[in-house]
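**Student:**
Numbering (this note's numbering), first residue to last: 8 to 152.
What follows is the structure, encoded as structure tokens:
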């Protein structure tokens, strides 16, 4: 038996992710000789194959074949669920609050301008709010026309 073969067998057992080029350097023989010995004696060298990554959906954690298609379907289901609706509302509220904080002066100027241009609408909104408040208290209210 060849000394190089014995060394290669030991190396493959100790380090299963060793490729043929690295084994050739360690043993001190050519890569071609390592290839010949590996083919003749069926040595399981690591050939750099990509490890299969499992496609798992981020929302439901189910394994999938086509992650993009499955994820799109899960996203649609999630968006329709109560959790998805609550998450979107929370995100939208944060965006509105952020916009109001960053543009507070512009927002107030816009409000004032709108109030000056639409006094009749403000009056209608106040009447609606008063009617709503009185109905909550139990009064029968006939709104003015």
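Yeah, the Cβ is synthetic: ideal placement off N, Cα and C, and Gly gets one too.
Note that the coordinates shown come from a computational prediction; the quantities given were computed from them, not determined experimentally.
1) Assuming residue 48 is part of the alpha helix (DSSP H), what are its boundary residues?
2) Quick check on DSSP: helix, strand or coil for residue 51?
3) Under the three-state reduction of DSSP, which class applies to residue 63: helix, strand or coil?
4) Would the beta-carbon of residue 52 fall within 8 Å of that of residue 25?
5) Using only the alpha-carbon positions, how far apart do residue 82 and residue 97 sit?
6) Express the C-alpha separation of residue 16 and residue 50 in angstroms, rounding to a whole number.
7) Give me the Cα-Cα distance between residue 35 and residue 20, rounded to the nearest whole angstrom.
8) Assign residue 94 to buried or exposed, taking buried as 16 or more other Cβ atoms, counted over all protein chains shown, within 10 Å of its Cβ.
9) With residue 158 and residue 10 assumed to form a contact (beta carbons below 8 Å), what rounded beta-carbon distance in angstroms separates them?
**Tutor:** Reading from the atomic positions:
1) Element bounds for residue 48: 38-48.
2) Three-state result, residue 51: coil.
3) It is a strand residue.
4) Yes, Cβ-Cβ distance for residue 52 and residue 25 is below 8 Å.
5) Each residue's alpha carbon lies about 17 Å from the other.
6) Taking the straight line joining both Cα atoms gives about 7 Å.
7) Taking the straight line from one Cα to the other gives about 18 Å.
8) Residue 94 should be labelled exposed.
9) Past the edges of the chain, shown from 8 to 152, lies residue 158, and the structure says nothing about it.
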